Each structure stands twice: as structure tokens, then as C-alpha cells.
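Protein chains in written order, with the working numbering: chain R, 21 to 186; chain B, 21 to 186.
Every residue gets a Cβ at the ideal spot worked out from N, C-alpha and C, and that includes glycine.
In this text, all values refer to a predicted model and were calculated from it rather than measured experimentally.
Number of protein chains: 2
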Amino acid sequence: MTRAAASLVLVLVALSSTFAKYVPKTGKRIPQSLSRGWGDQLIWAQTYEEGLYWSRSRNKPLMVLFHLEDCPHSQALKKVFADNTELQRTLDEDFVILNLMYETTDKHLSPDGQYVPRIIFVDPSMTVRADIVGRYSNRMYAYEPNDVKLLLDNMKKAKKLLKSEL
Amino acid sequence: MTRAAASLVLVLVALSSTFAKYVPKTGKRIPQSLSRGWGDQLIWAQTYEEGLYWSRSRNKPLMVLFHLEDCPHSQALKKVFADNTELQRTLDEDFVILNLMYETTDKHLSPDGQYVPRIIFVDPSMTVRADIVGRYSNRMYAYEPNDVKLLLDNMKKAKKLLKSEL
Numbered sequence: 021m022t023r024a025a026a027s028l029v030l031v032l033v034a035l036s037s038t039f040a041k042y043v044p045k046t047g048k049r050i051p052q053s054l055s056r057g058w059g060d061q062l063i064w065a066q067t068y069e070e071g072l073y074w075s076r077s078r079n080k081p082l083m084v085l086f087h088l089e090d091c092p093h094s095q096a097l098k099k100v101f102a103d104n105t106e107l108q109r110t111l112d113e114d115f116v117i118l119n120l121m122y123e124t125t126d127k128h129l130s131p132d133g134q135y136v137p138r139i140i141f142v143d144p145s146m147t148v149r150a151d152i153v154g155r156y157s158n159r160m161y162a163y164e165p166n167d168v169k170l171l172l173d174n175m176k177k178a179k180k181l182l183k184s185e186l
Numbered sequence: 021m022t023r024a025a026a027s028l029v030l031v032l033v034a035l036s037s038t039f040a041k042y043v044p045k046t047g048k049r050i051p052q053s054l055s056r057g058w059g060d061q062l063i064w065a066q067t068y069e070e071g072l073y074w075s076r077s078r079n080k081p082l083m084v085l086f087h088l089e090d091c092p093h094s095q096a097l098k099k100v101f102a103d104n105t106e107l108q109r110t111l112d113e114d115f116v117i118l119n120l121m122y123e124t125t126d127k128h129l130s131p132d133g134q135y136v137p138r139i140i141f142v143d144p145s146m147t148v149r150a151d152i153v154g155r156y157s158n159r160m161y162a163y164e165p166n167d168v169k170l171l172l173d174n175m176k177k178a179k180k181l182l183k184s185e186l
């Protein structure tokens with residue numbers, strides 16, 4: 021290799037390290053998704069404030085879904101939830117949706133305590149629908165994989181907005 | 021085709037439509053990312069509550085970045101921000117990070133108003149570092165693409181935690 025070619029290589033190496041995209045020491049990561057596997061084709065709100073805003077402005081009920089990545093009950097529900105076409109379509113067309121792994125500061129979102137998985141509906145009037153419950157008296161907002169039909173029924177209840185009931 | 025084969029086809033079609041993953045009427049979407057292009061290799065907090073929790077528990081400063089997808093100033097800053105290897109590495113190793121498109125209910129995050137792009141640092145003691153500002157007196161927490169060096173200097177300031185200054 022000539023001296024000129026060697027210089028060129030050095031310059032190219034220097035340039036490439038300057039403009040190289042950052043890669044963590046531990047190796048390249050898969051970018052985080054907002055859906056976290058609960059429906060990759062759905063449009064998720066990022067925060068509760070954002071969810072409330074969308075719910076009001078679109079006049080659609082908000083579903084808030086609390087879960088944890090290392091909770092086997094959450095993971096089991098997630099699989100059924102993501103695979104159910106009717107549920108996914110209804111959420112996409114008629115709901116504003118938010119999934120959270122950290123509790124908010126709003127105590128209304130934990131009517132009977134903080135646990136996962138837990139699904140709370142909020143009316144566009146910003147009223148938490150504490151009346152829409154699952155089948156477990158000790159964890160009223162919990163759902164198991166077998167409860168998807170009940171969840172679909174509860175979604176129908178949430179779609180009957182409070183204002184129209186007045 | 022025999023009657024048996026025709027029945028089999030019908031059953032398969034019925035099965036595939038039952039188990040088909042949901043696809044929106046408007047066509048398949050690209051799943052939303054938490055980074056929104058500000059650093060796909062970084063680990064982003066989803067909400068302010070989550071960011072504060074990580075900041076306290078890891079004793080690292082939190083950077084909160086307000087932006088909008090349809091704001092050209094945000095988009096111009098994003099490009100420089102995502103491409104700067106030093107900035108991305110420092111954020112990954114020494115910061116907790118959060119990008120938001122909707123304002124939170126915490127007024128401390130808008131010391132001189134709500135505008136984008138806006139970058140606010142929060143100390144692990146949960147004190148908003150209103151003292152760490154950019155170069156524009158009318159929008160003290162705004163940065164332009166040319167201000168990346170200043171932003172890096174401000175990140176160094178944020179890394180000097182308030183507790184150690186007492």
C-alpha cells in the first residue's frame with residue numbers, strides 16, 4: 021500500500037468513527053416499542069395525560085392497562101389479548117389505549133389497590149369507570165386469559181358513554 | 021375438487037381468519053417506538069413518574085425532552101441529537117431519559133412556558149434544574165441544532181448532582 025493510500029484509509033477510519041451511530045457496549049438493542057407486545061398494530065398513548073386528552077378530544081373511552089414484563093399473569097393475558105382479532109379491532113376503532121408498567125400519581129386508577137394485570141376504563145368525561153369490573157372480588161380489575169369474553173363485554177359497557185346516560 | 025377437499029379448504033379459511041393477527045383497514049402500521057427517533061439504542065422511560073423513579077433509584081440525573089413530530093425545529097434538533105455519538109453514549113451511561121409530546125401536570129417542567137423543543141434536567145433529589153439553560157433569553161430551555169456543544173456542557177452540569185454540592 022502506498023503512503024497516500026494508507027493516509028486515505030486512516031482518514032476514512034477516523035471519519036467513520038466520528039459519524040458512526042452509537043452502539044451500546046453490551047451490543048445492539050432492539051428499539052423499545054410503545055405496545056410492548058399488547059398490539060403492535062394499535063396506536064398507543066404514551067402517558068395518562070395524553071390518553072385523557074385523546075379520549076376527550078375524540079369522545080372515545082380510554083382503556084388503561086397496567087402490567088409488568090416479569091409477571092407471568094400479565095404475560096399470559098398479553099398473549100390472548102394480542103392474538104384476539106375482535107378485541108384488537110375494537111380497541112383500534114373505538115378506544116384510546118394506554119399500557120403502563122409504572123403507576124401514575126392518580127389514585128383513581130387504583131380503586132382497590134395497585135396490582136397487575138389490571139384494566140381500568142375511563143370515560144371521555146374523565147370519570148374512572150370503577151363500576152366496570154372483572155370476576156375476582158379481591159382484585160376487581162384483574163383479568164385472566166380465560167376472561168377475554170368478559171373483557172369484550174366490559175368494553176361494550178365502556179363504549180356506552182356516561183354523558184349519553186344522563 | 022372433491023367435496024371432502026372443499027370442506028377442508030373452508031375449515032382452513034375459517035381457522036386462518038380466526039387466528040389471523042389484526043391488521044388495520046388502512047393497512048399495516050410500523051409499530052410505535054418509545055425513542056421516536058431521538059436514539060433508538062437508548063432505553064427511554066415512558067412516563068415522568070417512571071423517569072423520576074429511575075433517577076432516584078439509580079442516582080442519575082433525568083433529562084426530559086419535549087418535542088413534536090410536526091415541529092420543524094424539533095425535527096432538526098432530533099437529527100443532530102440522534103447522530104451525535106458522544107451525546108448518545110453519555111445519555112446511555114449517565115442519564116435517565118424521557119421524551120414527551122404531551123405536557124405533564126407538573127408545572128415545574130415548564131419554568132418559562134410550554135414550547136418545543138425544550139430540554140429540562142431533573143436532579144435525583146427530584147429538583148428541577150431550572151438553572152441549566154440554553155442561549156435564548158425568551159425560551160431558556162430551547163436548543164437549536166447548532167447548540168449541541170452547549171447541550172453537552174449542560175449535561176456535564178447536570179451530572180454534578182445537587183446533593184454533592186451541599
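Any C-beta of chain B under 7 Å from that of residue i
i, result
"R/S55", "yes"
"R/D60", "yes"
"R/Y122", "yes"
"R/D112", "yes"
DSSP state of residue i mapped onto helix, strand, coil
i, result
"B/W64", "strand"
"R/V84", "strand"
"B/S75", "helix"
"B/S27", "helix"
Enclosing alpha helix (DSSP H) for residue i [first to last residue]
i, result
"B/L120", "No alpha helix (DSSP H) contains B/L120, which is instead part of the beta strand (DSSP E) from V116 to L120."
"B/N174", "V168 to K179"
"B/H93", "P92 to D103"
Residue i at chain R interface by Cβ criterion, 7 Å
i, result
"B/R109", "yes"
"B/Y42", "yes"
"B/T105", "yes"
"B/T67", "yes"
Close-in-space but distant-in-sequence residues of the same chain around residue i (CB under 6 Å, 5 per side omitted)
i, result
"B/W64", "L54, S55 and I117"
"R/S77", "none"
"R/Y68", "T124"
"R/P131", "A150"
"R/R214", "Because residue 214 of chain R is not part of the residues shown, which for chain R are 21 to 186, the question remains open."
"B/K98", "G57 and W58"
Beta-carbon proximity list for residue i, same chain, < 8 Å, skipping 5 on both sides
i, result
"B/R213", "A query on residue 213 of chain B cannot be resolved here, the shown segment of chain B reaching from 21 to 186 and no further."
"R/T110", "L172 and M175"
"R/A96", "E164 and P165"
"B/M146", "L72, S75 and R76"
"B/L62", "S55, Q108, L111, D112 and I117"
"R/K48", "none"
"R/D79", "Strictly speaking, residue 79 of chain R in this sequence is Asn, with Asp absent from that position. Counting only Cβ-Cβ distances below 8 Å, and skipping sequence neighbours, we find P144 and L181."
Extent of the continuous beta strand (DSSP E) run through residue i
i, result
"R/V142", "R138 to V142"
Contact list for residue i against chain C, beta-carbon separation under 8 Å
i, result
"B/I63", "Absent here is chain C; the protein component of the structure consists of chains R and B."
Proximal residues to residue i (C-beta, below 7 Å), its chain only, five neighbours per side dropped
i, result
"B/D143", "P81, R149, L181 and L182"
"R/R14", "The requested residue 14 of chain R does not occur in the structure, where chain R is confined to residues 21 to 186."
"R/I140", "V84, L129, V148 and Y161"
"B/I152", "F141, N174, K177 and A178"
"B/Q66", "L54"
"R/L88", "S94, M121 and V136"
Check: residue i C-beta below 6 Å from any heavy atom of the ligand PLP
i, result
"R/P92", "In the structure on display, the ligand PLP does not appear, and there are no ligands present to speak of."
Compile a chain-ordered list of the residues in the segment 69-84 of chain B whose CB is closer than 8 Å to at least one CB of chain R. The segment 69-84 of chain B vs chain R, Cβ under 8 Å: E69, E70 and Y73.
Quick one: which residues of the segment 125-145 of chain B get their C-beta closer than 8 Å to a C-beta of chain R? List them in chain order. T125
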